[in-house]
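Numbering (full-length UniProt numbering), first residue to last: 1 to 340.
In this text, a Cβ means the ideal position worked out from N, Cα and C, and glycines have one as well.
As the structure is a computational prediction, the values presented were derived from the model and not from experiment.
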Amino acid sequence: MNTRRWVAVAIAVGLFIFSGIAVLIQPKQEESDALSGLNALLYGTNELTEYVVEPGDEQRRIAHLYVEGEISDTGSSLFATEGYNHQVFLEQLKQIQYDPTIAGVLLEVNSPGGGVYQSAEIAKEIRKIQELEVPIYVTMTQMAASGGYYISASADKIFATDETVTGSIGVIMSGVNYAGLFEKLGIEDATYKSGALKDVGSGARKATAEDKEVLQTFVNNSYNRFVKVVSEGRQMPEDQVRKIADGRIYDGQQALDNGLVDAIGFPEEALEALRTEQQLENAALIEYELSATGFANTWFGSKLAEVQGLKPSESSRVLTILESIGTPDAPKPLYYYGGE
């Protein structure tokens, strides 16, 4: 064998030996738990920590938060997939609620939206922060559509750029019906059910009028909740919201003209406005992150974490995503914009 193959074999053997030792020494932990002992030494504690971005008054601070990517719950911890981490973001919102030194929040949103339930979870925690009279300014970057707008609507002030894609206020539930194809192929659906609507939304049979009514009512109820959130957040009559909430997208200027945002500006301008308008000129600016070591992000560390059960396998991550967004056979209502 050449040198490269010998190196590969050595790495594989080392991984096998080291993983065996780690499993024996350190008991398996749940993914959401703080890590301790040998695992903490290898990967970090998996606890939320903060770091100062701009120094200043430590008794009146601004927390800078980010929602980047699709709003879905695909797992938490430092071993979660890249992009938006729902459980960690919720933890950040809760941390702010118990931190009396946080006097303002800048929420930076770049998201096409996502799950109805996850969006509602975020909105609930944001309202709790506002009940503490902590101002929240939202700055929309490339996109804050559908669920991305849902979580922004109650902010004290919303910024967007001219190029921001926003709006898409509404609900979508998509599936695939292949009953016609089954007929052509001579395939019959063999589903046995306790009631006519037990398999509502199934792609294996043609939808009945009752099926369509049930699913449309389900979607309409979610839509009505969305409209109410926008109406209350923007202090706009519901009938006015409905006129602009037909699912279409808007650029920043259109959103400003329709009352969906308050100002045109980039994140640094939103931060400056938060400082000036809320008397936080000298406030320290902080961000949150998970405590992790460099080893946790290496290939070796990633594989070892999978062996220990600390990191989900690729197949389990795919299943989690499917459960979060639904499948053609089990569609879910989404606050999501999927256009180009």
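DSSP lists PHE159 as the beta-bridge partner residues of ALA263.
The three-state secondary structure of GLU188, taken from DSSP, is coil. Here ASN110 carries a strand assignment [DSSP, helix/strand/coil].
For GLY167, the enclosing beta strand (DSSP E) covers residues 165–167. Distances from the CA of THR164 to each of ALA145, MET173 and ARG275 were compared; the closest alpha carbon is that of ALA145.
If the five residues before and after SER119 are omitted, its C-beta is found closer than 8 Å to the C-beta atoms of ILE71, GLY113, GLY147, TYR150, ILE151 and TYR335, all from its own chain and listed in chain order.
Setting aside the 5 residues that flank it on each side, ALA123 is surrounded in the same chain by TYR150, ILE151, SER154 and VAL229, each with a C-beta closer than 7 Å to its C-beta; the list follows chain order. In the DSSP annotation of this structure, the continuous segment of the beta strand (DSSP E) that includes GLU287 starts and ends at 283–290. Taking the C-beta atoms as reference points, GLY265 is found nearer than 9 Å to ALA160. Unbroken alpha helix (DSSP H) runs of no fewer than 4 residues, entirely contained in the stretch 113–146, are found at 116–131, following chain order.
Looking at the DSSP output, VAL171 bridges to nothing. In this structure, ILE62 lies away from ILE126, with their beta-carbon atoms at least 9 Å apart.
In this structure TYR137 touches ALA270 by the C-beta definition: roughly 5 Å separates them, less than 8 Å. The three-state secondary structure of GLU47, taken from DSSP, is coil.
At a Cβ-Cβ threshold of 9 Å, PRO333 and VAL200 do not count as neighbours.
Per DSSP, the unbroken beta strand (DSSP E) holding LEU334 starts and ends at 334–336. In this structure the stretch 53–69 lies against the stretch 272–289, because at least three pairs of beta carbons, one per stretch, are closer than 8 Å. Residue pairing by DSSP puts ALA63 in a beta bridge opposite VAL105 and ILE286.
THR166 is a Cβ neighbour of ASP251, given a cutoff of 9 Å. With a threshold of 16 other beta carbon atoms within 10 Å, TYR51 falls short and is exposed.
Scanning TYR117, GLY56 and LEU215 for the CA closest to the CA of LEU90 turns up TYR117.
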